[in-house]
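Each remark here refers to the structure printed beneath this line.
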Amino acid sequence: MRSVFALILAAASVLATPVKRAIDDTTVLNFALTLEHLENAFYSGALAKFTDFDFLGAGLPIGARDRFELVAAHEAVHVKFLSDTLGSQATKPCTYNFPYTDPKSFAALSQVLEGVGASAYTGAAQLLTNKDFLTVAASILATEARHASWVASAVNMVTPWGTAFETPLGLNEVFTLAAGFITSCPSSNPALPVKAFPALTITGATPGQAASVSAPKATASPTFIAFFNGLDQIFAPVKNGKVTVPTGLQGQVYAVATTSGTLATDNVIVAGPAILFFDIKSTSVF
């Protein structure tokens, strides 16, 4: 699983620069549509490539591909709903490149993308002013979370949740993760007020132990790593290119490199997010 997570840590292609304009409901919905287009392409492309035999041959459960077809149908509905809502202002799909090579790596990446989707909607909710739009966002968020839980537990056989709270991510943090899959976009698409941070790699992440930190294209040397887990942001200092991973991290965790030991805002983030996963081991004895 972690080898697939590491693939998306090579993200951070320069696809956008900050655009100074107000973030209104149309902007937020177009940002959501950008992510839904990505997910729609991810599922439709993989399902067109891999057969039931391929899924079974990769050791995935019987019926997994059929369920992925349902997930794909949900993402297509999300795209249509948001596109219809935005009308002529709706952003169009881009060209994508996803680093899966077989159904197993596809399933692992699906878990990551669905988790990022849930975190994206959680973080963006505060930016919406129209209550009807907020209800729609909450409805999609719940569905994305159910997708993530199903893929994690029924397909990838890991714990389907982390803490008692979903982890919110900001627009730039989400865009950084999405940018690594986008190769080009139509020039007619509305500009989004987002930017991609440089890539952050954390190698050998084990709670309570030192892990290697690499952010070669960061504008400033990271002095702290902020770990996002639920509503918690836990800061750990970087010393000689290493950081001690905090104990107690659970599920899908995001890490950003910062120049602050107390804040993880856009003005102090210099790289990331990186995505880490810490399974919750069962204590049951049979």
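Residues -16 to -1, 1 to 270, numbered by mature numbering (1 follows the signal peptide of the UniProt record, and there is no 0), are exactly what the sequence shown covers, in order. Note that CB positions come from ideal geometry on N, CA and C, so glycine has one too. Predicted model only: the values in this text are computed from it and were never measured.
Counting of Cβ neighbours within 10 angstroms places ILE259 among the buried residues, the total reaching 16 or more.
In the structure shown, the three-state DSSP call for ILE124 is helix. Across the structure, SER133 and PRO144 are spaced so that their CA atoms are roughly 4 Å apart. With respect to ALA57, SER67 sits apart: the two C-beta atoms are not nearer than 8 Å.
The shortest C-alpha to C-alpha distance from THR249 to any of PRO77, ASN24, ASN156 is the one to ASN156. Under the 10 Å beta carbon count, GLN236 is surrounded by 16 or more other beta carbons and is classified as buried. Taking all protein chains shown into account, ALA136 has 16 or more neighbouring C-beta atoms within 10 Å of its C-beta and is therefore buried.
Rounded to the nearest angstrom, the gap between the Cα atoms of PRO87 and ASP116 is 37 Å. In this chain, VAL222 is not harboured by any alpha helix (DSSP H); it is covered by the beta strand (DSSP E) spanning 216 to 223. GLN110 sits exposed, since fewer than 16 C-beta atoms from the chains shown fall within 10 Å of its C-beta. A straight-line Cα-Cα distance of about 23 Å links VAL63 and ALA92. Look at ASN81 here: in three-state DSSP terms it is coil, with no helix or strand label.
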